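Undergrad: Got a structure for you, questions after.
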Amino acid sequence: MKSSRFRRPNKPLKVVVVAPVQGVSSETFIRAHIERLPFQTIAWYGMQTDLTDSNGHRIWWWGWWFRAATRRLAPKMNAAVSAFFLAWHLKSTKADAVLAEYGTTGAWLAPACARVNVPLFVHFHGYDAWRADVLEAHRSSYRRMFEIADGIIVVSEPMRDQVISLGATPDQISSSPCGVKPELFAGAQPARQPPRFLAVGRFVEKKAPYLTLLAFAKIYESNPAVTLTMIGTGPLLGSCKRLSAALGLGQAVSFLGNQTPERVAHEMQDARAFVQHSLMAENGDCEGTPVAVIEAQMTGLPVVSTRHAGIPQVVLENETGFLVEEGDIQGMAEAMQRLAESPELAARLGEAARLRALHYFTLDRHIRDLTRMIETKLMQ
125 MKSSRFRRPN
135 KPLKVVVVAP
145 VQGVSSETFI
155 RAHIERLPFQ
165 TIAWYGMQTD
175 LTDSNGHRIW
185 WWGWWFRAAT
195 RRLAPKMNAA
205 VSAFFLAWHL
215 KSTKADAVLA
225 EYGTTGAWLA
235 PACARVNVPL
245 FVHFHGYDAW
255 RADVLEAHRS
265 SYRRMFEIAD
275 GIIVVSEPMR
285 DQVISLGATP
295 DQISSSPCGV
305 KPELFAGAQP
315 ARQPPRFLAV
325 GRFVEKKAPY
335 LTLLAFAKIY
345 ESNPAVTLTM
355 IGTGPLLGSC
365 KRLSAALGLG
375 QAVSFLGNQT
385 PERVAHEMQD
395 ARAFVQHSLM
405 AENGDCEGTP
415 VAVIEAQMTG
425 LPVVSTRHAG
435 IPQVVLENET
445 GFLVEEGDIQ
455 GMAEAMQRLA
465 ESPELAARLG
475 EAARLRALHY
485 FTLDRHIRDL
495 TRMIETKLMQ
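Numbering follows this note's numbering, with no gaps: position 66 of the sequence shown is 190.
Given below as structure tokens:
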């Protein structure tokens with residue numbers, strides 16, 4: 125579409141932010157976009173005619189009837205009719221732009237935005253740029269989306285290259301890792317803490333929590349004073365609990381389930397180091413730039429992780445943490461052992477991590493990047 129829209133004097137831009145699901149604990153970055161962008165934001169959640177607002181109320185009370193009435197239409201016809209009604213409602217909001225959270229959201233929004241000439245910005249986050257089944261299902265709709273979108277946001281340089289390979293043009297793309305609140309994630313003193321390691325993230329293949337457990341088990345054999353706390357839930361949680369028991373880790377490993385950002389920040393303050401063994405999953409799924417890694421560095425923790433996706437942009441090897449190749453359990457264990465044995469090393473790396481995160485990875489900086497990109501594109 126690439127159309128110009130000018131900001132009206134003394135009146136903020138009105139931006140509709142569309143996300144697949146409301147209130148997902150691991151997606152604090154979406155809530156930050158809605159609450160902190162300096163625009164008049166309108167939040168929609170869901171897909172096409174099954175959309176709700178921030179209060180959980182349906183955008184269209186007749187959406188259920190529409191879905192039932194069009195169920196027997198051919199998929200392309202159904203999509204076209206859905207786009208027509210979506211465009212009609214989008215026009216009624218008098219929005220200056222739409223921000224789609226995830227490429228898959230942008231794909232179904234694009235035809236409606238084009239129909240009513242509302243600029244579209246699409247924020248990729250991770251699986252939407254990498255997972256093989258997602259890319260196959262959206263091959264044609266992604267191409268159409270890239271033709272229409274005024275701007276594409278990615279969270280790492282590898283993701284930039286991937287999105288270009290999918291059909292985006294370099295001048296469409298802006299890169300900005302999701303930032304975190306420095307006032308919340310602060311106060312770690314790793315040298316004063318026992319050798320306690322912390323992992324935060326969903327229990328899914330691309331975060332490989334089972335490999336983190338295997339690395340931890342290697343150092344636990346020779347140093348029974350070490351502990352590991354794991355925060356999060358997901359399909360691999362049960363398997364990881366059974367693996368921990370089979371490895372004889374007993375009380376050395378704690379599984380806390382989902383926790384609030386405030387609880388995560390507290391756990392980080394009480395840790396020696398943060399650990400995460402991210403890798404490419406069998407289905408091609410990859411990280412963007414893991415927010416928990418940024419949170420740990422901002423808190424002042426050294427990070428032991430992998431050379432995967434955007435992680436090397438956040439963690440500088442031997443300066444703010446240690447990185448190993450994907451699948452290198454022995455290397456991860458050795459890095460963890462170094463931090464377990466040397467509180468001074470953990471403190472030095474953690475201090476450097478905090479200073480670097482304050483410069484590059486605050487939430488305010490990310491919001492400024494996103495604001496500047498949207499405003500600049502609309503003025504072109």
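Note that the Cβ used here is the ideal one computed from N, Cα and C, for glycine as well. Bear in mind that the values here come from a model prediction, so they are computed numbers and not experimental data.
1. Nearest by alpha-carbon distance to glutamate 391: which of Ile355, Ala167, Ala238 is it?
2. Quick one: what does DSSP say histidine 213 is sitting in, helix, strand or coil?
3. Which partner residues does phenylalanine 446 have in the DSSP bridge list?
4. Quick check on glutamine 164: does DSSP put it in helix, strand or coil?
5. Around the Cβ of phenylalanine 130, are there at least 16 other Cβ atoms within 10 angstroms (buried) or fewer (exposed)?
6. Would the beta-carbon of glycine 424 fall within 9 Å of that of glutamate 475?
7. Grouping DSSP H, G and I as helix and E and B as strand, with all else coil, what is arginine 129?
8. Ordered along the chain, which non-local residues of its own chain (more than five positions away) have a Cβ less than 8 Å from that of cysteine 364?
9. Assess contact between the stretch 488-501 and the stretch 426-438, defined as three or more Cβ pairs (one per stretch) separated by less than 8 Å. Is contact present?
10. Considering phenylalanine 340, what are the terminal residues of the alpha helix (DSSP H) in which it resides?
11. Taking the alpha helix (DSSP H) that isoleucine 183 belongs to, which residues open and close that run?
12. Quick one: is tryptophan 232 buried, meaning 16 or more other Cβ sit within 10 Å of its Cβ, or exposed?
13. Have a look at serine 289 and histidine 432 and give me their C-alpha separation to the nearest angstrom.
14. Would you call the stretch 462-476 and the stretch 242-249 touching, i.e. three or more CB-CB distances under 8 Å?
15. Only counting the same chain, and skipping five residues up and downstream in sequence, which positions put a Cβ closer than 7 Å to that of methionine 456?
16. Between glycine 434 and glutamate 281, is the Cβ-Cβ spacing less than 9 Å?
17. How many Å lie between threonine 165 and lysine 501 at the Cα?
18. DSSP puts methionine 354 in a beta bridge; with which residues?
19. Have a look at glutamine 313 and arginine 263 and give me their C-alpha separation to the nearest angstrom.
TA: Once the coordinates are examined:
1. Ile355
2. helix
3. Val428
4. strand
5. Legend: pLDDT at phenylalanine 130 = 48, less than 50; position of this residue unreliable, no value from coordinates given.
6. yes
7. In this prediction, arginine 129 scores a pLDDT of 49, lower than 50, which makes its location untrustworthy; the coordinate-derived value is nonetheless stated afterwards. Here arginine 129 sits in coil by DSSP.
8. Phe327, Pro333, Tyr334, Leu337, Met354, Phe379
9. no
10. 333-346
11. Careful: isoleucine 183 lies outside any alpha helix (DSSP H) and carries neither H nor E.
12. buried
13. 18 Å
14. no
15. Ala339, His401, Val428, Val448
16. yes
17. 18 Å
18. Ala323, Phe379
19. 47 Å
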